[in-house]
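To keep things clear, I will list the structure first and then write my remarks on it.
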Amino acid sequence: MTVPRHVAIIMDGNGRWASRRGLPRSAGHKAGLKPVRTCIELCRRLGIPYLTLFAFSSENWSRPVTEVGFLMNLFIETIERELDDLAQQSVEVRFIGDRAALGAPIVERIVAAEARAVPDAQLRLTIAIAYGGRWDIVQAVRGLATDVAEGHLAADEISEAELAKRLGLGSLPDPDLFIRTGGEKRISNFLLWNLAYSELWFSDRLWPEFSADDFAEAVADFSGRERRFGGVPSVERT
Ligand code: FPP
């Protein structure tokens, strides 16, 4: 079976999962940690080396202040609690997103988590917090403009590769498989540049219910697809 090298996930449906049970939305976010662990475990088992999760978007700041506060605390506690375990499981953690928009307590945890070396990590987990695909492209373009202004790069040396390496994911391969739970069929300003040729998989499952079987189903479907990247099918190539 061809497994994807890189899976990117929009974990949607926490709020609805909680509301349907008469619980506060925060209970849905808490319950959303279990499928995160499940997906990490499955990536390791299937030999998928890159997993990227959309935890908090640039647009999520418009949520009620109590929900935003709850999510930030959940991220802080989770990073602190899980980091040792993740390192022991050979998982290296990185973050992408606008750190200037985040408070000092979470930035401190992010910096500490990224300082943790995991030699020969089996899985590189990237967590997108305060992330937006348009923001990412803009900050990469700003980097290009600065390098041109400072004479490190000529304007005609600007290329897809030069732009891509300044994006949050940097040198990581583009996601092969994009998964969104919660029933909506949108990219919602996730990795706009990097998802250009990703295979898309939408699940009606609400994120807290997303199981190992659901993840395996998405991977199995991916393995049956022919990826053409704008070319023609291999059997018609003559
Ligand atoms: C979207 O569901 C989910 C979020 C905005 C938060 C996702 C965060 C977690 C699952 C916690 C994971 C933590 C780490 C550290 C990776 P929603 O609230 O938009 O659901 P709704 O569409 O039903 O309202």
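So the sequence shown is numbered by numbering that gives the first Met the number 0: it starts at 0 and just counts up by one. Glycine included, every Cβ here is placed at the ideal spot set by N, Cα and C. This structure is a prediction, so every number in the text was calculated from the model and none was measured.
Cβ distance (whole Å) where residue i is taken to contact residue j below 8 Å
i           : j           : result
residue 199 : residue 132 : Not confirmed; about 15 Å, so no contact.
residue 176 : residue 193 : Their Cβ separation, rounded to whole angstroms, is 12 Å, which puts residue 176 and residue 193 out of contact at 8 Å.
residue 218 : residue 45  : 6 Å
residue 165 : residue 142 : 4 Å
residue 90  : residue 112 : Residue 90 to residue 112, Cβ: 11 Å. No contact.
residue 39  : residue 124 : 6 Å
residue 115 : residue 49  : In fact, because the Cβ distance is near 18 Å, the residues do not count as touching under 8 Å.
Rounded straight-line distance, which links the Cα of residue j to that of residue i
i           : j           : result
residue 42  : residue 120 : 12 Å
residue 122 : residue 152 : 33 Å
residue 214 : residue 2   : 12 Å
residue 178 : residue 223 : 16 Å
residue 241 : residue 106 : No statement about residue 241 is possible, as the shown extent of the chain runs from 0 to 237 and does not include it.
residue 18  : residue 127 : 25 Å
residue 173 : residue 208 : 27 Å
residue 162 : residue 148 : 15 Å
residue 56  : residue 144 : 25 Å
residue 65  : residue 227 : 45 Å
residue 70  : residue 206 : 15 Å
residue 139 : residue 146 : 11 Å
residue 26  : residue 160 : 42 Å
residue 21  : residue 14  : 11 Å
residue 158 : residue 216 : 37 Å
residue 156 : residue 229 : 25 Å
Secondary structure of residue i, DSSP reduced to three states
i           : result
residue 54  : strand
residue 200 : strand
residue 1   : coil
residue 147 : helix
residue 189 : coil
residue 179 : strand
residue 239 : Residue numbering for the chain in the displayed model covers 0 to 237; residue 239 lies beyond these limits and cannot be assessed.
residue 126 : strand
residue 225 : coil
residue 117 : coil
residue 133 : helix
residue 92  : strand
Cβ shell of residue i (< 6 Å), same chain only, five flanking positions each side left out
i           : result
residue 201 : 179, 184
residue 108 : 75, 78
residue 33  : none
residue 8   : 52, 178
residue 37  : 211
residue 100 : 129
residue 0   : 222
Nonlocal neighbours in the same chain, by C-beta distance under 7 Å from residue i, ignoring five residues either side
i           : result
residue 203 : 182
residue 134 : 57, 97
residue 28  : 13, 69, 70, 73
residue 186 : 194
Buried or exposed by the 16-neighbour rule on C-beta atoms within 10 Å, applied to residue i
i           : result
residue 137 : exposed
residue 60  : exposed
residue 196 : exposed
residue 94  : buried
residue 11  : buried
residue 83  : exposed
residue 102 : exposed
residue 24  : buried
residue 72  : exposed
residue 31  : buried
residue 225 : exposed
residue 154 : exposed
residue 110 : exposed
Contact with chain B by residue i, beta-carbon distance below 8 Å
i           : result
residue 227 : This model lacks chain B altogether, as it is built from one protein chain only.
Other residues of its chain near residue i: CB distance less than 8 Å, five sequence neighbours each side excluded
i           : result
residue 170 : 164
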